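Numbering (the numbering used here), first residue to last: 141 to 367. Glycine is no exception: its CB is placed at the ideal position from the N, C-alpha and C atoms. These figures come from a predicted structure and were not determined experimentally. First comes the structure, then the notes that go with it.
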Amino acid sequence: MSHGGKHKEKPYNDPKKSSKSMNCAYNVPKIKERRHAGTTVNLLLLGMSGTGKSASGNTILGQKHFVSRPSSKPVTKKCQMEETEIEGVHLHVIDTPDIFDDDMKSSVRDKHVKRCKQLYESRPFVFVLVMHVSRFTDGERDILEKLENTFGREVREKTIILFTRGDDLQQAGMGLEDFLHTCQPDLKKILEKCGNRCVLFENHRSDSAQVEKLMDNVIRVTEEKQT
Ligand SMILES: Nc1nc2c(ncn2[C@@H]2O[C@H](COP(=O)(O)OP(=O)(O)O)[C@@H](O)[C@H]2O)c(=O)[nH]1
Ligand SMILES: [Mg+2]
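Laid out in structure tokens, this is it:
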């Protein structure tokens, strides 16, 4: 997967449309005026181990910078920041370990949280909550509350949900909208609290439309923040 170079050249008003399966359930208004061109946005990838944070980070970067592999144990052990430029926006992509892992010592968790805060200190920043599209676990039911307790009340205004394994849906003949209409009430609530900002990724594809969809949401969050 390698579309990093392509991103650097792409203008904001790229009229390219994405495939149906990667559509966000709630239409994001196309931002006509890209006020953030030339600025830096910090993207913090958060979520449970194995959901695909590192793989999604690599998809965004268009290069395999983060270690991502199947494992019953957490693979990512510390926060790692990599940079790219997409549609004129300089992105700091920050991969994290699962900071809500019950097996993690609170002193270690505090260290990671401190590091995350340091990394996104320079605003604007956006939280990308990564979830496996076909697995909503008990540990994720109150994940938004945990994030708010950790990073503050503004989390919900700045969070985009990124569902991974888009091909699972496609193989079942479903689009993201179908999935969202039938998903668990607790997941629906999380989405609603986050302004229904969500995207679907398939990290085994180098489809740049999914990254463009994410960028639309990133810009939306950063613009909302400024008003
Ligand atoms: N099929 C498929 N596998 C994925 C996707 N995203 C992640 N994975 C796989 O899930 C496993 C865990 O991913 P990883 O990025 O390490 O998860 P993390 O612990 O959240 O960082 C890896 O084997 C990935 O290849 C996806 O979109 N589709
Ligand atoms: Mg990881």
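- Note on Glu352: 16 or more other CB atoms within 10 angstroms of its CB, so buried under the neighbour-count rule.
- Per the C-alpha coordinates, the member of Val229, Arg249, Ile200 and Thr224 positioned closest to Lys217 is Arg249.
- In this structure, Val215 has its CB closer than 7 Å to one or more heavy atoms of ligand 2.
- Asn182 sits in a strand when the DSSP states are folded into three classes.
- Ligand 2 approaches Ser194 closely enough that one of its heavy atoms is under 7 Å from the residue's Cβ.
- Bounds of any beta strand (DSSP E) do not take in His252; it lies within the alpha helix (DSSP H) bounded by Ser246 to Tyr260.
- Leu259 places its beta carbon 8 Å or farther from that of Asn336.
- Sequence-distant partners of Thr180 (beyond 5 residues in either direction) whose C-beta falls short of 6 Å from its own C-beta, in its chain, are His230.
- One Cα belongs to Val253, the other to Glu222, and the distance between them is close to 18 Å.
- Residue range Leu316 to Thr322 is occupied by the alpha helix (DSSP H) that includes Thr322.
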